[in-house]
Amino acid sequence: EIGDYTIRGIQDHLGTEVGQNLISIIDPYSYREQLTMPKLSVIGTNDNYWVLDALNLYWDGLPVPKYVLY
């Protein structure tokens with residue numbers, strides 16, 4: 034759940050220089066334009082942090098080819 038992240042204050046650090054450096058390493062969306070191979074998003078969860086329609090938040094920003102499996 035999101036509480037696991039907020040308890041540790043992770044979101045509070047994402048706007049800092051250190052947080053941005055971390056994002057550039059661990060978040061594939063931050064370097065999505067460099068992803069030239071086909072992408073497959075497998076959606077198999079509906080938890081409190083990643084609800085089923087969360088794909089709508091980033092799908093349009095992913096370069097093609099891309100596929101989704103629910």
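For what it's worth, the working numbering labels the leading residue of the sequence shown as 34, then goes sequentially.
By construction, the Cβ of each residue, glycine as well, lies at the ideal position given by its N, Cα and C atoms.
These figures come from a predicted structure and were not determined experimentally.
Query raised in the report: For residue 92, which option in 72, 43 and 79 has the closest C-alpha, if you only look at C-alpha atoms?
Result: 72
Query raised in the report: Tell me which same chain residues have a C-beta within less than 6 Å of the C-beta of residue 103, skipping the five on either side of it?
Result: 76
Query raised in the report: Where DSSP assigns a beta bridge to residue 74, which residues make up the other side?
Result: 101
Report task. Quick one: residues in its chain with C-beta nearer than 7 Å to the C-beta of residue 101, no 5 flanking neighbours on either side, listed in chain order? Result -> 74, 76 and 88
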